[in-house]
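Structure, as structure tokens:
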Amino acid sequence: MQKALELKAKYESDMVIGGYAALINLCCRHDNAEDALNLKQELDRLHSSAVLDTNKYVGLVRVLGKHGKLQDAINILKEMKEKDVLIKDATLLSFFHILNGAALRGEIETVKQLHEAIVTLGLAKPSTNISFPLVTVHLEKDDLPTALDAALDCHAKYKILPRIHDVLCKLIEKGETDLIQKAMDFVSQEQGEMTMLYDLFFAFLQTGNYKEAKKIIETPGIRARPARLQWFCDRCITSNKIETLEKLVELTQKLFECDRDQMYYNLLKLHKINGDWQRADAVWNRMQEENVIPREKTLRLLAEILRNSNQEVPFDVPELWYEDDKHSLSSTPSPIEAITEKDVLKACQSKENKDVYNTFLRAQKQNTVFSSETYNILIRFLLSKDDFTQAMEVKDFAETHIKGFTLNDAANSLLIITQVRRDYLKAALTTLQTALDLEQIPSRLSVTRLIQAFALKGDVQSIEAIQKMVNGLDLIGLSRMVFINNIALAQIKNDKIDVAIENIENMLTSENQTIEPQYFGLAYLFRKVIEEQMEPAVEKLSIMAERLANQFAVYKPVTDLFLQLVDSGKVDDARALLQRCGAIAEQTSILSLFCIRSSHRPGKAPILKSLLDLIPELSEKDQAYNSIMKSYGLDKDVASAKALYEHLTAKNTKLNDLFLKRYAFLLRNAGEPVPFTEPPESFEFYVKQLKESKEDPS
-11 MQKALELKAK YESDMVIGGY AALINLCCRH DNAEDALNLK QELDRLHSSA
39 VLDTNKYVGL VRVLGKHGKL QDAINILKEM KEKDVLIKDA TLLSFFHILN
89 GAALRGEIET VKQLHEAIVT LGLAKPSTNI SFPLVTVHLE KDDLPTALDA
139 ALDCHAKYKI LPRIHDVLCK LIEKGETDLI QKAMDFVSQE QGEMTMLYDL
189 FFAFLQTGNY KEAKKIIETP GIRARPARLQ WFCDRCITSN KIETLEKLVE
239 LTQKLFECDR DQMYYNLLKL HKINGDWQRA DAVWNRMQEE NVIPREKTLR
289 LLAEILRNSN QEVPFDVPEL WYEDDKHSLS STPSPIEAIT EKDVLKACQS
339 KENKDVYNTF LRAQKQNTVF SSETYNILIR FLLSKDDFTQ AMEVKDFAET
389 HIKGFTLNDA ANSLLIITQV RRDYLKAALT TLQTALDLEQ IPSRLSVTRL
439 IQAFALKGDV QSIEAIQKMV NGLDLIGLSR MVFINNIALA QIKNDKIDVA
489 IENIENMLTS ENQTIEPQYF GLAYLFRKVI EEQMEPAVEK LSIMAERLAN
539 QFAVYKPVTD LFLQLVDSGK VDDARALLQR CGAIAEQTSI LSLFCIRSSH
589 RPGKAPILKS LLDLIPELSE KDQAYNSIMK SYGLDKDVAS AKALYEHLTA
639 KNTKLNDLFL KRYAFLLRNA GEPVPFTEPP ESFEFYVKQL KESKEDPS
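Here the sequence shown is numbered in this note's numbering, starting from -11 and rising by one per residue.
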């Protein structure tokens, strides 16, 4: 910057407007208010009619305001108005950052005068966003009375109440009852009692005063306000406030006209961000308990959370092959084109294969070309219906009529799955490479299916190629165990069982282990060799697993094998393995997790009973019977549930509240009487209670 200023002084007589503009911008970027102002004044003397671009004016306002040259900053704003400088959305955002920066520095007068100038000059309309700093500056100083007055003053002037939620939260935390009453009286008078109640409700929730929040939301006559509820949900999601959002969902259960599915959907969004499938599963239980009918988007979101954590999805997942909001064309369409495009999307909604393809053919005859996005939706729909040939025809048409047309992430992922299903594995590998070259993130399911297909072909080389291709792409969410299991399976398919076993043993016994033994899951490998009836492989893998357990105290592989034998109905083989390696019965965490996962899948109650017969010690663990009862509930098997309940009560077994809640829920849904007082709390409450009792046995 200094060198540039020296050059300017040397060649001052040759300076043009562009040179001044560049120097002013440079000084602003280096926070040099003095030279920036001098250059601007010099430019005004030499070229009074010169107009700088918007960003340079904004830069001047920022640096002058920051360094106490308040009147000069206001003069720049006046010049922007006089010279009709273009105000864009980005400019408004810059104004906010200028004001907010001053507020965070505690400069009350700077915030007040700059805000007044911006609004009075008409450079920005008075909005909640741009008025935030008027309140922030006082909150930063912990001056709550003045912060409240500033918010109320904004309402008097502009009919907005900036940061009233934050002010209320601070007042509640400080116990400022008089100021809270003042705020609520004002809101009630100006915006109505319902608005006041919601303001209080959200503030009590935010500050953890759940009893007070409950009183507010149970006020007679209060009803749901979807926009306000969604605002607070979004706020909780953005700030990762799990407990607060859970309480909101819980407390609004009986709120009149409350969209329960939408509330649970928001909760699932937060659990997805945190990768917490257990909480998501608890949400699903609560929805069933509350008899909430989920929308398709809710089911898809829950399924995605479960799949991302390698959990079974206990329901059919609806697929979305169209989008409601995003199908704008790159250019303005003719009326016929717009109608035809709507027809395609409508046909996708109706999920009629023939209608969709015929609509495309009619448009083709009219020489109508849709947007890239519409073709992606159309191709995805046809692939989902396994109409591979038609989907490729649409793809070819789009590629020849739209320059640079490519399939998006979702369409490429579905294409890979379809190619795998048709055994076009090399084509699927090419599709994956194309997607990655476009910096797309293919779905975990599509990549996993491709890897598994190559494993069944014994194609180790292709699996290793995929491993290199996706290396470092954590967003796909592939576990290293996917590659370990499938490379071993491919080697076994090539009759290289000993090589596969040696590799696994080296990974588990070497000093430089990259995966902890307790996370080294081989369940998929064991399941596939059992399903494929590869008896020599099963025998050698069993020997390997037993050796790892007996010689190295690594029990995860042998326990995985035992559970896969049980799951496959090979109970005698499982019993023999258990007799040879009794330590399997001590792997409580692995066995309990198997029970939990099995209880999510229909028809697994007999498997769980077999496991309990083999390891009676599990009956002392609540999780085993809880899982069996949950499985009966999933199958709607009232008779078996009754038999289990009667068997346990005859043995005077103490039944926990979660077990009783599940049994009562099953009976009620079947229209049968409940022979005990049903535990009153939610499923989630008893799951949490059980978990806490295990963590703290005292």
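Glycine included, every Cβ here is placed at the ideal spot set by N, Cα and C. Keep in mind the model is a prediction, meaning the values are calculated, not measured.
(request) Pick out whichever of His126, Lys129, Ile106 has its Cα sitting closest to the Cα of Ile118. (result) Ile106
(message) I want to check one thing, is the minimum distance from the CB of Ile405 to the heavy atoms of the ligand SAH below 7 angstroms?
(response) Summarising the ligand content, the structure contains no ligands, and the ligand SAH is consequently not present.
(request) State the start and end residues of the unbroken alpha helix (DSSP H) segment that holds Asp483. (result) Taken as a continuous stretch (DSSP letters only), Asp483 belongs to no alpha helix (DSSP H), as it is neither H nor E.
(request) Have a look at Gly180 and Asp166 and give me their C-alpha separation to the nearest angstrom. (result) 20 angstroms
(request) Note down the Cα distance separating Ile210 from Val237, rounded to an integer number of angstroms. (result) 16 angstroms
(request) Mind checking which residues open and close the alpha helix (DSSP H) that includes Lys145? (result) 132 to 146
(request) Could you check the C-alpha separation between Ala24 and Phe83 for me, to the nearest Å? (result) 19 angstroms
(request) Report yes if the CB atom of Val554 is closer than 8 angstroms to the CB atom of Ile595, and no otherwise. (result) yes
(request) Starting from Ala248, trace the alpha helix (DSSP H) both ways and give me its first and last residue. (result) Before going on, a small fix: residue 248 reads as Arg here, not Ala. It spans 248 to 262 - the alpha helix (DSSP H) in which Arg248 sits, taken as one unbroken run.
(request) Please work out which residues of its chain come closer than 8 angstroms, Cβ to Cβ, to Asp397, disregarding the five sequence neighbours upstream and downstream, and give them in chain order. (result) Ala423, Gln428, Ile429, Pro430, Ser431
(message) If I follow the unbroken alpha helix (DSSP H) through Thr418, where does it start and stop?
(response) 413 to 425
(message) Using only the alpha-carbon positions, how far apart do Thr419 and Leu395 sit?
(response) 10 angstroms
(message) So Cys16 and Val51 are supposed to be a Cβ contact under 8 angstroms. How far apart are they, rounded?
(response) 5 angstroms
(request) Leaving out five residues on either side along the sequence, give the residues of the same chain with a beta carbon under 6 angstroms from the beta carbon of Glu666. (result) Ala652
(message) I'd like to confirm the pairing. Which residues does DSSP put opposite Phe244 in its beta bridges?
(response) Arg211
(message) Suppose contacts are defined by Cβ-Cβ distances below 8 angstroms. Is Lys129 in contact with Gly94 by that definition?
(response) yes
(message) With H, G and I counted as helix, E and B as strand and the rest as coil, what does DSSP make of Glu104?
(response) helix
(message) Considering just the uninterrupted stretch of the alpha helix (DSSP H) at Pro121, what are its terminal residues?
(response) 116 to 128
(message) Give me the residue from Val357, Leu122, Arg563, Ala562 with the minimum Cα distance to Asp384.
(response) Val357
(message) Can you look up Pro710 in the DSSP assignment and give me helix, strand or coil?
(response) Because the chain in this structure spans residues -11 to 686, residue 710 falls outside the shown range and cannot be described.
(message) Let me confirm a value: Pro150 is counted as buried when at least 16 other C-beta atoms fall within 10 Å, else exposed. Which label applies?
(response) buried
(message) Please list the terminal residues of the continuous alpha helix (DSSP H) segment that includes Lys642.
(response) Looking at the DSSP string, Lys642 is not in any alpha helix (DSSP H), and its letter there is neither H nor E.
(message) If I follow the unbroken alpha helix (DSSP H) through Ala386, where does it start and stop?
(response) 376 to 389
(request) Could you say if the region 536 to 546 and the region 505 to 518 meet the contact criterion of at least three C-beta pairs nearer than 8 angstroms? (result) yes
(request) To the nearest angstrom, report how far apart Ser360 and Ala386 are at their CA atoms. (result) 7 angstroms
(message) Does Gln611 pass the burial test, meaning 16 or more other C-beta atoms within 10 Å, or should it be called exposed?
(response) buried
(request) Kindly give me the distance between the Cβ atoms of His143 and Ala191, rounded to whole angstroms, as I take these residues to be in contact under 8 angstroms. (result) Incorrect: roughly 17 angstroms between the Cβ atoms, too far for contact.
(request) Just tell me which of Leu136, Lys54, Asn296, Gln241 has its CA closest to the CA of Leu463. (result) Asn296
(request) Go ahead and pull the three-state DSSP assignment for Gln29. (result) helix
(message) What does the alpha-carbon distance come out to for the pair Gln521 and Glu245?
(response) 56 angstroms
(message) Less than 7 angstroms between C-beta atoms, sequence neighbours within five positions excluded: which residues of the same chain meet that for Val487?
(response) Gln479
(request) Could you tell me whether the Cβ atoms of Ile12 and Leu27 are closer together than 8 angstroms? (result) yes
(request) Reducing DSSP to helix, strand and coil, say where Val4 ends up. (result) coil
(message) Tell me which residues share the same chain as Ile616 and place their Cβ nearer than 7 angstroms to its Cβ, disregarding the 5 neighbours each side in the sequence.
(response) Ala593, Leu596, Lys597, Leu632
(request) For Tyr674, name the three-state secondary structure that DSSP assigns. (result) helix
(message) Within the continuous alpha helix (DSSP H) that includes Thr183, where are the two ends?
(response) 181 to 194
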